[in-house]
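A.B. asks: Count the sequence shown with our numbering and you get residues 160 to 419, in order. All C-beta atoms, glycine included, are put in the ideal place defined by N, C-alpha and C. Please find one structure pasted underneath; my questions will follow.
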Amino acid sequence: MRTIAVINQKGGVGKTTVTLNLSHALALRGYRVLAIDADPQGHLTMAFGLEDPVGLDRVLHGEARLEDACSEAGNGLQIVAAGEHLQEVENLNEGGAERGWRLKRALEDLRQPFDFVLIDCPPSAGLLGMNAIIAASEMLIPVAGDFLSLNGLSRLMRILQGVEDRLGGERPKWVVLSRFVEQRRHSREVRERIREHFGEGLLPTTIRESVVLAESPSFGQTIFEYQSRHRAAEDFLHLADDLVAAGGQRMSADPQAAQA
Ligand SMILES: Nc1ncnc2c1ncn2[C@@H]1O[C@H](COP(=O)(O)OP(=O)(O)O)[C@@H](O)[C@H]1O
Ligand SMILES: [Mg+2]
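Structure follows, in structure tokens:
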């Protein structure tokens, strides 16, 4: 099971858009996928069109099992909604250091493992973000492609480094340019800077800025449900393939599901 935190403490960089559409792309490739909304704003929950199910809030408060919080979205895709009380988890005082390990433990408790678990992180480095970082075996960092995002990136790397130093062991970190405009010279320059720093960690596929990606969530749809033939859908299938290749491990995909 590859557990991937889609993380960047900067808001508006495309975390939710990437989690939504990459989850569906991986499911279309035949993998068993779980998408978890760990942002109290609940944007991923809304984008999947979920209404009021048991959410991650109940799981992190120890009131429900992760399995009972999973909702079916078809295509092999399961989703855990944020839940109304997720913000309160940030203010948990009891539990000491154990508070940061609850999501990891909940994932370990799953009876049916998934091929991929994607966690849509909040734009902060609080307790929810900590739960995601500790639970994750890898980080996927969406970067919008402007100079300000480079600034946020070095701060994020320091945060991740700090946690890794305490936990021991480095986790693979992948960067995806998530709102890329090839025609902009400064976007191309940002790409070069990131490539210099991350090398192979910068995934070859970039997600291009496309208005359909901003539209689909308002219909409770992924890009594959909204406009499956759009180049944005193509970008996400290629991104899924990048991630599978980057994992370097062969996993059994169900070819029938891949054709769905
Ligand atoms: N590649 C893209 N093309 C066009 N709009 C995008 C793209 N990626 C994200 N957006 C839009 O930008 C806004 C912020 O994206 P979002 O995924 O919510 O970021 P985050 O979760 O990091 O805050 C949303 O309105 C979203 O629809
Ligand atoms: Mg978001």
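Please report how far the alpha carbon of G173 lies from the alpha carbon of F207, in whole angstroms.
C.D. replies: Computed Cα separation, rounded: 15 Å.
A.B. asks: When DSSP labels each residue in this structure, what does F378 get in the three-state scheme?
C.D. replies: Residue state, collapsed to three classes: helix.
A.B. asks: Given D427, which residues of its chain have a CB within under 8 Å of its CB, disregarding the five upstream and five downstream residues?
C.D. replies: Nothing about residue 427 can be reported from this structure: the residues present for the chain run from 160 to 419 only.
A.B. asks: Write down every uninterrupted run of the beta strand (DSSP E) in the stretch 304-378 whose length is 3 residues or greater and which is fully enclosed by it, in chain order.
C.D. replies: Those beta strand (DSSP E) runs which fall completely within the stretch 304-378 and span 3+ residues are 332-336.
A.B. asks: Does any heavy atom of ligand 2 sit closer than 8 Å to the C-beta of G214?
C.D. replies: no
A.B. asks: Is L402 helix, strand or coil when you go by DSSP?
C.D. replies: helix
A.B. asks: From E323, R338, A223, pick the residue whose C-alpha is nearest to that of V370; which is it?
C.D. replies: R338
A.B. asks: Who are I195's beta bridge partners in DSSP?
C.D. replies: V239, I278
A.B. asks: What residues in its chain sit with their C-beta under 8 Å from that of H389, if we drop five residues either side in the sequence?
C.D. replies: S369, V371, I382
A.B. asks: Which of the three DSSP states, helix, strand or coil, is assigned to A184?
C.D. replies: helix
A.B. asks: I need the straight-line Cα distance from V403 to L203, nearest angstrom please.
C.D. replies: 22 Å
A.B. asks: Whose C-alpha, out of R261, E297, V322, N167, is nearest the C-alpha of G407?
C.D. replies: Of R261, E297, V322, N167, the residue nearest in Cα terms is E297.
A.B. asks: Cβ of K174 versus every heavy atom of ligand 2: is any distance shorter than 8 Å?
C.D. replies: yes
A.B. asks: Whole angstroms are fine: how far does the CA of Y190 sit from the CA of S411?
C.D. replies: At S411, the pLDDT of 38 sits below 50, so the modelled position is not reliable; the number obtained from the coordinates is stated separately. If I take the Cα positions, the gap works out to 8 Å.
A.B. asks: Output yes or no for whether 9 Å exceeds the beta carbon distance between D198 and T162.
C.D. replies: no
A.B. asks: Can you determine whether any heavy atom of ligand 1 sits closer than 8 Å to the C-beta of K169, and answer yes or no?
C.D. replies: For K169, the shortest C-beta to heavy atom distance toward ligand 1 is below 8 Å.
A.B. asks: Using a threshold of 8 Å, is the CB atom of H389 nearer than that to any non-hydrogen atom of ligand 1?
C.D. replies: no
A.B. asks: A265 lies in the alpha helix (DSSP H); which residues open and close that run?
C.D. replies: 261-267
A.B. asks: Just checking V370 against ligand 1 - is the residue's beta carbon closer than 8 Å to any of the ligand's heavy atoms?
C.D. replies: Result yes, Cβ under 8 Å from ligand 1.
A.B. asks: Quick one, which of G358, M205, W333, L361 has its alpha-carbon nearest I166's?
C.D. replies: W333
A.B. asks: Counting pairs of beta carbons, one from the stretch 267-282 and one from the stretch 222-231, are three or more of them closer than 8 Å?
C.D. replies: With the cut-off at 8 Å, the stretch 267-282 and the stretch 222-231 touch.
A.B. asks: Take the Cβ of G321 as the centre, count every other Cβ of all protein chains shown within 10 Å, and call the residue buried at 16 or more, exposed below.
C.D. replies: exposed
A.B. asks: Which value, in whole angstroms, describes the spacing of the CA atoms of S230 and E323?
C.D. replies: 32 Å
A.B. asks: Return the first residue and the last residue of the alpha helix (DSSP H) that R217 is part of.
C.D. replies: Element bounds for R217: 215-219.
A.B. asks: Ligand 2 and P282: does any heavy atom of the ligand fall closer than 8 Å to the residue's C-beta?
C.D. replies: P282: yes, Cβ under 8 Å from ligand 2.
A.B. asks: When DSSP labels each residue in this structure, what does I163 get in the three-state scheme?
C.D. replies: strand
A.B. asks: Does R248 come out as helix, strand or coil in the three-state DSSP assignment?
C.D. replies: Looking at the sequence shown, residue 248 is not Arg but Val. V248 falls in the helix class under three-state DSSP.
A.B. asks: How many angstroms separate the CA atom of Q418 from the CA atom of G233?
C.D. replies: The pLDDT assigned to Q418 is 37, lower than 50, so where the model puts this residue is not dependable; a value taken from the coordinates is nonetheless given after this. C-alpha separation (whole angstroms): 14 Å.
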